[in-house]
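Written below as structure tokens is the structure these notes are about.
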């Protein structure tokens with residue numbers, strides 16, 4: 216199948232799906248995040264790294280987000296001394312754009328509830 220171009224077609228189609236999902240997440244963050252929240256929109260991969268301003272702590276926020284159906288990985292999971300607690304890793308690969316947009320709205324609510 217690869218010799219017939221099916222692999223190239225599959226890769227192109229898959230890249231487009233993930234690009235749309237990534238863009239939906241970035242647009243949802245733009246729309247629903249409070250001032251001071253920043254993120255890195257990747258050129259590749261399946262995750263966005265989101266950083267919140269002081270005094271947010273994503274370890275503390277996780278249960279409230281989970282109650283709203285949002286699961287993220289707190290930044291402390293990526294540091295050996297767990298000292299960095301204001302960021303989170305969000306995965307955009309598993310859900311369609313509409314669900315991602317709704318998830319960003321719910322995440323914005325979870326952040327607002329933290330205050």
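Residue numbers (the working numbering): 216 to 330. Every residue, glycine too, gets a C-beta built ideally from N, C-alpha and C. All of these numbers come straight from a predicted model, not from anything done at the bench.
Endpoints, alpha helix (DSSP H) assigned at residue i
i	result
residue 212	The structure shown does not extend to residue 212, since the chain is modelled only from 216 to 330, so the question has no answer here.
residue 281	273-282
For residue i, the three-state DSSP class (helix, strand or coil)
i	result
residue 292	helix
residue 267	coil
residue 261	coil
Cβ neighbour criterion (16 or more within 10 Å) applied to residue i
i	result
residue 323	buried
residue 294	exposed
residue 286	exposed
Start-to-end residues for the beta strand (DSSP E) that takes in residue i
i	result
residue 255	253-255
residue 314	Unbroken run through residue 314 is the alpha helix (DSSP H), 312-329; no beta strand (DSSP E).
residue 304	302-306
Under 8 Å between C-beta atoms of residue i and residue j
i	j	result
residue 274	residue 300	yes
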